[in-house]
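A.B. asks:
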Amino acid sequence: MKQYNGITERQMQIGACLIIALILGSIHLALPGFYSTLITLAMDGNVPGLQAYILSYGYLSMAISILMILLTNMTGLPSLPLLIVNGLVFGLIPGIIVSWIGEFLGCTAGFIVMRTVFRSTAERIIAKSDKLSRIDGYSTFRNVFIARALPYTPNVLLTALIASGRISFSDHLGATFLGKLPAVAIEVWLGHDLVYITEHPGRLAVVVLICLAGVVIYRRKNK
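Taking full-length UniProt numbering, the leading residue of the sequence shown gets 1, the next gets one more, and so forth.
Right, here's the structure in full:
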């Protein structure tokens, strides 16, 4: 069994699970009903409900929103409704910043958990599969940055794939920090302007055209 500074991998896995349980338990004690509300509203895509729930925390609303996005990115719950709500509640630019922080922290936390708890299992699976071995060869800063920069991608699946690869923690941190900004900006911006489509039809059209141009350029470069 692998050891890291005298600590076995099994001990690291147990420690990680205990820390996660402690954090989640503390949130439950501090915010009763938080998890059930998050799951219900996120799964339903209930934007008005999320908006009212976040605003109910007053000065803590930004912190609560970041926490909710962090948890959705770690668990696979849909985070897009939260990003749309942030643009509506906090305004376009502040909403993008809050959402970016939440997405970055969520992807980073998910990467740490998956890399710590499931790394050995992933390595064995990759070693037995030629296809997965080839995918693992693409675990570079540039490719992770591009993957993170694509809007509307399932973060938890992408994080699981990246965590099973060889990319270092620092490279993943930098690629995610930089890559999530354009992805989040597009998601928040489009969601905001779709809600207020009568007020910003021209701006919405520009964003859509930029997204389409980006897709075309990306496909041409990767032919």
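Using N, Cα and C, we set each Cβ at its ideal position, and we do this for glycine too.
For the pair the stretch 149-157 and the stretch 55-66, tell me if three or more CB-CB distances fall below 8 Å.
C.D. replies: Touching, no.
A.B. asks: In chain order, what residues of the same chain lie with their CB nearer than 7 Å to the CB of leucine 83, ignoring the 5 residues before and after it?
C.D. replies: Numbered from 1 along the sequence shown, position 83 holds the residue referred to as residue 83. Cβ neighbours of leucine 83 beyond the five flanking positions: Ser99, Val184, Glu187, Val188, Gly191.
A.B. asks: So, under 8 Å CB-CB, glycine 102 and leucine 70 are touching, yes? Tell me the CB distance rounded to an integer number of Å.
C.D. replies: Start at 1 with the first residue of the sequence shown, and residue 102 comes out as number 102. Start at 1 with the first residue of the sequence shown, and residue 70 comes out as number 70. The Cβ separation is near 5 Å, so the contact holds.
A.B. asks: Assuming contact is defined by CB atoms lying nearer than 8 Å, are isoleucine 66 and leucine 105 in contact in what I supplied?
C.D. replies: Walking along the sequence shown from the start, residue 66 turns up at place 66. Walking along the sequence shown from the start, residue 105 turns up at place 105. In this structure, leucine 105 lies closer than 8 Å to isoleucine 66 by Cβ.
A.B. asks: Which residues in the same chain as glycine 49 place their Cβ atom closer than 7 Å to its Cβ, once the five residues preceding and following it in sequence are excluded?
C.D. replies: Counting from one through the sequence shown, the residue named residue 49 turns up at place 49. Same-chain partners within the cutoff: Leu41.
A.B. asks: Figure out for me which residue from Val47, Val144, Pro182 has the closest Cα to the Cα of glycine 174.
C.D. replies: Within the sequence shown, residue 174 is the residue found at index 174, counting from 1. Minimum Cα distance to glycine 174 is reached at Val144.
A.B. asks: Just the Cα atoms here: how many angstroms apart are glycine 179 and isoleucine 19?
C.D. replies: As a working mapping, residue 179 is identified with position 179 in the sequence shown. As a working mapping, residue 19 is identified with position 19 in the sequence shown. Glycine 179 and isoleucine 19: Cα-Cα distance of roughly 28 Å.
A.B. asks: Check tyrosine 57 in the structure and name its three-state DSSP category.
C.D. replies: Numbered from 1 along the sequence shown, position 57 holds the residue referred to as residue 57. In the structure shown, tyrosine 57 sits in coil (DSSP, three-state: anything other than H, G, I, E or B).
A.B. asks: Valine 89 and alanine 16 look like a contact to me (Cβ under 8 Å); what is the Cβ gap, rounded to whole Å?
C.D. replies: Locating residue 89 in the sequence shown gives position 89, counting from the first residue. Locating residue 16 in the sequence shown gives position 16, counting from the first residue. Not really, about 33 Å apart at Cβ, beyond 8 Å.
A.B. asks: Return the first residue and the last residue of the alpha helix (DSSP H) that histidine 83 is part of.
C.D. replies: The residue given as residue 83 occupies position 83 in the sequence shown. The residue asked about is misnamed: residue 83 is leucine in this sequence, not histidine. Residues 80-90.
A.B. asks: Which residues in the same chain have their Cβ closer than 6 Å to the Cβ of glycine 91, if we skip the five residues on either side of it in sequence?
C.D. replies: As a first step, residue 91 must be located in the sequence shown, where it is residue number 91. Hits under 6 Å: none found.
A.B. asks: Could you give the residue range of the alpha helix (DSSP H) that holds residue 272?
C.D. replies: No answer is possible for residue 272: it lies beyond the span of the chain, which begins at 1 and ends at 223.
A.B. asks: If we call anything under 8 Å between Cβ atoms a contact, is phenylalanine 111 one with histidine 172?
C.D. replies: Locating residue 111 in the sequence shown gives position 111, where the first residue counts as 1. Locating residue 172 in the sequence shown gives position 172, where the first residue counts as 1. Yes; because the gap between Cβ atoms is below 8 Å, this pair is in contact.
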